[in-house]
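For what it's worth, UniProt numbering labels the leading residue of the sequence shown as 1, then goes sequentially.
Below: one structure, written as structure tokens.
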Amino acid sequence: MTFASLGLIEPLLRSLETLGYQTPTPVQAQAIPAVLAGRDLMAAAQTGTGKTAGFALPLLQLLTMEGPKVTANSARALILVPTRELAEQVHEAVRQYAENLPLRTYAVYGGVSINPQMMKLRGGVDVLVATPGRLIDLFRQNALKLDQLQTLVLDEADRMLDLGFSEELANIYRMLPKKRQTLLFSATFSDDIRLLAGQMLNDPLSVEVSPRNVAANTVKQWIVTVDKKRKAELFVHLMRKNKWKQVLVFAKTRNGVDALVEKLQGLGVNADGIHGDKPQATRQRALDRFKLSEVQILVATDVAARGLDIEDLPLVVNFDLPIVAEDYIHRIGRTGRAGATGEAISLVCADEVNMLSAIEMLTRQTLKRQNEPDFEPEHRVPDTDASGQVVKKPKKPKKPKTSGGGGKRNLGKWVESGESQTPEPSIKPVRKVPVFNTGPRKRKP
Ligand code: AMP
């Protein structure tokens with residue numbers, strides 16, 4: 001199959017030739033004709049399998065062939081994405097695909113000055129890539145009108161539809177014309193989100209090119225069990241032992257990112273961090289330098305979990321497991337992209353057993369465990385499997401004896417570890433159905 005046989009016009013075919021795309025990926029083969037035919041779409045395909053071109057190419061073609069010329073302060077197509085870095089990346093891809101077309105493209109997102117964005121929008125843009133918050137600001141300040149909008153794309157659609165963005169999305173929906181084409185793309189869709197998405201679309205076509213909610217099969221995954229307090233030490237040990245060259249590391253919190261970066265930099269390791277508290281320019285620079293291999297270890301919160309395309313990234317490490325099981329699939333999907341192979345290692349402590357179980361259940365696999373000599377945990381991580389059962393309960397710590405040396409030592413270790421003695425609440429592998437306009441705003445990662 002060729003891109004020409006999917007009905008793409010010659011200027012797009014020329015761009016693809018320049019980019020070296022020879023054959024459509026499965027999601028492209030299914031999505032492109034459907035979008036060209038004007039259908040609404042819900043498309044699920046594994047991470048790194050060319051979803052961006054799957055919606056961008058037919059979208060650009062429709063904008064070229066159909067509809068009136070864009071007027072001042074208007075946009076004809078809107079691509080919503082969850083993070084600023086992804087907005088830059090998706091826009092860059094769209095810009096390259098549109099190289100030979102008479103279309104204007106642009107990206108807007110928060111964390112940077114709004115004035116240049118308002119100026120740019122004055123002339124109107126055909127394709128606007130945006131994060132929701134900044135889009136709403138621009139709309140409210142009359143810098144953007146959406147009545148000319150033909151197509152709405154939600155990239156990382158399940159993330160866009162979940163609780164964290166539901167209020168913003170509901171606001172945006174009110175700003176859009178009722179008659180439009182809507183396209184949802186993601187690597188994961190929980191059943192609840194699927195249901196909600198189905199209600200938003202008009203006679204949608206469902207494109208599913210792989211089993212539901214699976215990680216790219218080009219990524220080799222395993223876990224190393226370890227005590228929480230020794231995770232940083234284990235990370236440094238593995239990094240040195242395996243001579244890791246380029247690693248994307250995910251930590252749960254902003255503080256966790258800063259602490260690990262500080263530790264690594266203190267050891268002379270070329271490391272940097274990305275999280276929501278950092279200025280946008282710093283975030284983007286750290287990512288760009290990592291993509292250029294000028295930074296060896298990039299530590300990030302889940303702000304980097306979605307969509308980022310880092311060429312030939314060999315390894316993702318989950319320093320902490322993600323709280324939401326779907327995010328595991330997205331995180332490890334930063335490696336093994338475009339047919340390349342990759343590895344994903346998770347450092348798992350006893351506290352995280354419920355998260356591990358949720359991930360295994362969602363991805364229908366039991367993750368291989370590998371013990372690292374000298375790092376075997378004192379607090380054993382109970383066995384888990386893909387059924388979602390935590391197979392064995394963790395061994396109870398011995399009751400401290402009130403007298404006698406051995407007991408005292410045990411008590412000391414248990415208390416010193418700083419680990420919670422109450423188990424984590426059980427974590428469901430799916431998010432709750434968001435109710436538009438209600439619910440607390442989830443903190444951005
Ligand atoms: P995406 O999943 O859209 O982020 O794409 C993943 C990577 O695959 C990107 O680096 C794309 O440039 C690349 N890519 C997408 N489609 C193709 C194709 N048909 N042939 C070769 N590379 C592709």
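Heads up, the beta-carbon is just placed ideally off N, CA and C, and yes, glycines get one too.
For a test of your reading of the model: does the CB of residue i fall under 7 Å from any non-hydrogen atom of the ligand AMP? Yes or no.
| i | result |
| --- | --- |
| T23 | yes |
| T49 | yes |
| R337 | yes |
| G52 | It should be noted that the sequence gives Thr, not Gly, for residue 52. Yes; taking the cut-off as 7 Å, the Cβ of T52 has a heavy atom of the ligand AMP nearer than that. |
| Q30 | no |
| D312 | no |
| D309 | yes |
Could you check if residue i is buried or exposed, using at least 16 other CB atoms within 10 Å of its CB as the buried criterion?
| i | result |
| --- | --- |
| N213 | buried |
| V22 | Note on residue identity: the sequence assigns Gln, not Val, to residue 22. Classification of Q22: exposed, given that the 10 Å Cβ count is below 16. |
| L8 | buried |
| L267 | exposed |
| Y173 | exposed |
| V316 | buried |
| D162 | buried |
| S5 | exposed |
| S10 | The sequence shown places Glu at residue 10, rather than the Ser named in the question. With fewer than 16 other Cβ atoms within 10 Å, it is exposed. |
| G20 | exposed |
| D147 | exposed |
| I323 | exposed |
| E66 | exposed |
| P377 | buried |
Are any of the Cβ atoms in chain D nearer than 8 Å to that of residue i?
| i | result |
| --- | --- |
| T105 | The displayed structure is made up of one protein chain only, and chain D is not part of it. |
Kindly indicate which residue of the options has the alpha-carbon position closest to the one of residue i.
| i | options | result |
| --- | --- | --- |
| D61 | R84, N100, T2 | It should be pointed out that residue 61 corresponds to Gln in this sequence rather than to Asp. Nearest of R84, N100, T2 to Q61, Cα basis: N100. |
| K228 | L13, A350, A37, P58 | A350 |
| A340 | M200, K220, G256 | K220 |
| A72 | D277, R122, D374 | R122 |
| D383 | E376, R364, D374, L356 | L356 |
| G336 | L321, E360, L308 | L308 |
| L367 | S346, F375, E378, E352 | S346 |
| M361 | A325, P377, R283, S186 | A325 |
| P24 | N217, T49, E10 | T49 |
| A77 | E85, L59, E92 | L59 |
| D158 | H330, R289, E372 | H330 |
| R140 | R380, M175, A34 | M175 |
| F375 | A300, E233, Q296 | E233 |
| T253 | H237, N270, I274 | I274 |
If you reduce the DSSP assignment to three classes, tell me which class residue i lands in.
| i | result |
| --- | --- |
| I9 | coil |
| T301 | coil |
| T225 | strand |
| G273 | strand |
| residue 463 | Given that the chain is displayed from residue 1 to residue 445, the structure contains no residue 463 and the question cannot be resolved. |
| I114 | coil |
| F139 | helix |
| F185 | strand |
| D126 | strand |
| I172 | helix |
| D192 | helix |
| T151 | strand |
| V27 | helix |
| T18 | helix |
| T105 | strand |
| V257 | helix |
| L267 | coil |
| L80 | strand |
| K145 | strand |
| P440 | Residue confidence for P440 is low, a pLDDT of 39 falling below 50, so the modelled location carries little weight and cannot support an answer. |
| L315 | strand |
Quick check: does the Cβ of residue i come within less than 7 Å of any heavy atom belonging to the ligand SAM?
| i | result |
| --- | --- |
| M1 | No copy of the ligand SAM appears in this structure; the ligands present are the ligand AMP. |
Suppose only complete runs of 4+ residues qualify. What are the alpha helix (DSSP H) ranges in the segment 33 to 77, listed by chain order?
Listed in chain order, the complete alpha helix (DSSP H) runs (minimum 4 residues) inside the segment 33 to 77 are 51 to 65.
For a minimum of 4 consecutive residues, which ranges assigned as the alpha helix (DSSP H) are wholly contained in the segment 319 to 407?
Qualifying alpha helix (DSSP H) stretches, in chain order: 325 to 332, 353 to 363.
To test your reading of the DSSP string, which unbroken beta strand (DSSP E) runs of 3 or more residues are found completely within the segment 205 to 249?
Every beta strand (DSSP E) stretch that sits fully inside the segment 205 to 249 and reaches 3 residues is listed by chain position as 205 to 208, 219 to 225.
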